[in-house]
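Student:
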Amino acid sequence: MSDNTTTNLIIIPWESLPDEILTNIFVFLPIKSIIICTSVSKAWKSLIKNPTFISTHLHHSLNKNQNLLFIGPLFIGLYTENQKEFCALHNEDDAYFTQHARFDYPYNRKYCVVGTCNGLLLLSDVGNNSFCLWNPCVGKLLKLPSPNVTYATHGKFHASIGFGFDPKTKDYKVIRVVTLLESLGLEKTRTQVEIYTLSTGQWRMFRTDLAPICGVYWTDPQIFINGALHWVAFRVCDNNLHNFVLVFDLGDEVFHEILLPEFPRLMYDSVSVYRNSIALFEKDNGFLHIWAMKEYGVVSSWTKVLSLPSSSQGFFGSRDDIPRALGFRRNGEVILKVDGGRLISLDLETREIKDLRIIGCKKTIVDYYVESLVLLDKAANSEDTY
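Numbering (my numbering), first residue to last: 636 to 1021.
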């Protein structure tokens, strides 16, 4: 090519790029960069806040398998009455379990996290009567309307909460299962169930004749897996207390039950996500037992994977009688809270222990997490939290 030959370059302005190309670029950007892009132009803002793009970005994030773990609430230093609560995302792929992001709680002390799904956190007050949906990555906070079942309408009760994603309608749902205190015999009395859907922004009552006859341990966390919510529930039969896992399918909106392994003496238990199935934490007479359902829904696959007597706590360098199990990492390791709130990770097979260098508190929970743009297109009826 001769020296006097010139090459003409065609420069295409960003605003002239097709939406398909912009979408393929935006989905690879960090959340903070995507938020900044909404301020570049009205066209970009409209594209990014479109529910189709939000869904595409979520699908991309889930497929990337970022291995983020949510842990919160947490504190820094010694506990004080006015100390600020925060939650943290940790990268499980990092050998040092480094902190990926940190977010201060929008309502300090008043609300706690009772569920996580697709980057959303469901916050609830102590009595499970007031709720907020919070996406800390985009700084969006949505206060839910008051539920239908209140102390004024139904007297004293305990309410248990579930939160998850309906794969059929592509909608988020909050399920509130109310156990009336005056009917704790629970031989015949059905619970009161109401459902909030994000798309409608309203609560609706579930058919009474389809509600379960049981009680739900309102202080224990629920889990969402395989399109369904799971709680540990109980029923009184012949003056005996029978425990089981209560399951609510968000797509079909039906309840069913999963039987538990036969415990010699059940003192306390809660359910947790374990790989693609569920696990049960049981405290019994100075022991912590962990049962895993190796094949989801198959009762015969319940297997005791760990049993820790109180006399073994020196093994963790802990002064606690029994460690508290918070949840599992994706590699199957269980996260335990030991003395002083210290969090450790225990390999169930090798018994190898890792100090996560995190101090938890009484309300600390552990759950899988994915960064998302969910709620970005919603007009919040509460302040944004940027």
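The beta carbon of each residue, even a glycine, is placed where N, CA and C say it ideally should be.
1) For E720, does the count of other Cβ atoms within 10 angstroms reach 16, so buried, or fall short, so exposed?
2) Whole angstroms are fine: how far does the CA of S765 sit from the CA of S912?
3) Taking 7 Å as the limit between beta carbons, can you name the residues of its chain near P665, skipping five residues before and five after?
4) Using the C-alpha atoms, what's the distance from S980 back to G707?
5) Secondary structure at V973, three-state DSSP: helix, strand or coil?
6) Sort out for me which residues DSSP pairs N726 with in a bridge.
7) Let me check understanding here. Comparing Cα to Cα, which of D801, D982, S651, I656 lies closest to L885?
8) If contact is defined by three or more beta carbon pairs under 8 Å, each pair taking one atom from either stretch, is the segment 785 to 793 in contact with the segment 738 to 756?
9) Restricting to runs no shorter than 3 residues, where is the beta strand (DSSP E) found entirely within the segment 727 to 796?
10) State the beta-bridge partners of E1006 as determined by DSSP.
11) E892 bridges to which residues according to DSSP?
12) DSSP three-state label for P686, please.
13) May I ask whether a heavy atom of the ligand NAP can be found less than 7 Å away from the beta carbon of L1010?
14) Kindly indicate which residue of Q718, H725, K699, S696 has the alpha-carbon position closest to the one of L991.
15) What are the residues that DSSP puts in a beta bridge with H924?
16) What residue from P653, R811, H695 has the CA that sits closest to V749's CA?
17) Going by DSSP, name the residue or residues bridged to T814.
18) Relative to the alpha-carbon of T832, which residue among P847, C767, T814 has its alpha-carbon at the smallest distance?
19) What would DSSP say about K805, mapped onto helix, strand or coil?
20) Would you call the segment 968 to 984 and the segment 928 to 936 touching, i.e. three or more CB-CB distances under 8 Å?
21) Could you tell me the distance, in whole angstroms, from the CA atom of A927 to the CA atom of A914?
22) Where does P653 land, buried or exposed, given buried means 16+ other C-beta within 10 angstroms?
23) Quick one: give me the first and last residue of the beta strand (DSSP E) that L872 is part of.
Tutor: According to the structure shown:
1) If you number the sequence shown from 1, residue 720 lands on position 85. Burial check for E720: the Cβ neighbour count within 10 Å reaches 16 or more, so the residue is buried.
2) Translated into the one-based positions of the sequence shown, residue 912 becomes position 277. Translated into the one-based positions of the sequence shown, residue 765 becomes position 130. Cα to Cα, S912 sits roughly 30 Å from S765.
3) Here residue 665 corresponds to residue number 30 of the sequence shown, with the count starting at 1. Closer than 7 Å at the Cβ level, and outside the excluded window around P665, lies no residue.
4) Numbered from 1 along the sequence shown, position 72 holds the residue referred to as residue 707. Numbered from 1 along the sequence shown, position 345 holds the residue referred to as residue 980. Approximately 16 Å, taken between the alpha carbons.
5) For the purposes of this step, residue 973 is taken as the residue at position 338 of the sequence shown. Residue state, collapsed to three classes: coil.
6) In the sequence shown, the residue the question calls residue 726 occupies position 91. L703.
7) Translated into positions along the sequence shown, residue 885 becomes position 250. Of the listed residues, the one whose Cα sits closest to L885 is D801.
8) No, they do not touch.
9) You should have 734 to 739, 747 to 752, 755 to 759, 766 to 770, 775 to 778.
10) One-based indexing of the sequence shown puts residue 1006 at position 371. Paired residue(s): none; E1006 is not in a bridge.
11) On the sequence shown, position 257 is the one that residue 892 refers to. For E892, the beta-bridge partners assigned by DSSP are L881.
12) For the purposes of this step, residue 686 is taken as the residue at position 51 of the sequence shown. Residue state, collapsed to three classes: helix.
13) This structure does not include the ligand NAP; it has no bound ligands of any sort.
14) As a working mapping, residue 991 is identified with position 356 in the sequence shown. Among Q718, H725, K699, S696, the Cα nearest to that of L991 is on H725.
15) Here residue 924 refers to the residue found at position 289 of the sequence shown. In the DSSP output, where bridge partners are listed per residue, H924 has E917, S942.
16) As a working mapping, residue 749 is identified with position 114 in the sequence shown. Measuring from the Cα of V749, the nearest candidate turns out to be R811.
17) Sequence index remark: in the sequence shown, residue 814 carries index 179 (1-based). T814 has H793 as its beta-bridge partners, per DSSP.
18) What you label residue 832 is simply residue 197 of the sequence shown in a count that begins at 1. Measuring C-alpha to C-alpha distances from T832 to each of P847, C767, T814 identifies C767 as the nearest.
19) The residue you call residue 805 lines up with position 170 of the sequence shown. Coil.
20) Touching, no, given that fewer than three Cβ pairs across the two stretches are closer than 8 Å.
21) Within the sequence shown, the letter at position 292 stands for residue 927. Within the sequence shown, the letter at position 279 stands for residue 914. Each residue's alpha carbon lies about 4 Å from the other.
22) Here residue 653 is taken as the residue at index 18 of the sequence shown, counted from 1. P653 should be labelled exposed.
23) Taking the sequence shown and counting its residues from 1, one reaches residue 872 at position 237. The residue asked about is misnamed: residue 872 is Cys in this sequence, not Leu. Where C872 is concerned, the enclosing beta strand (DSSP E) stretches over 863 to 872.
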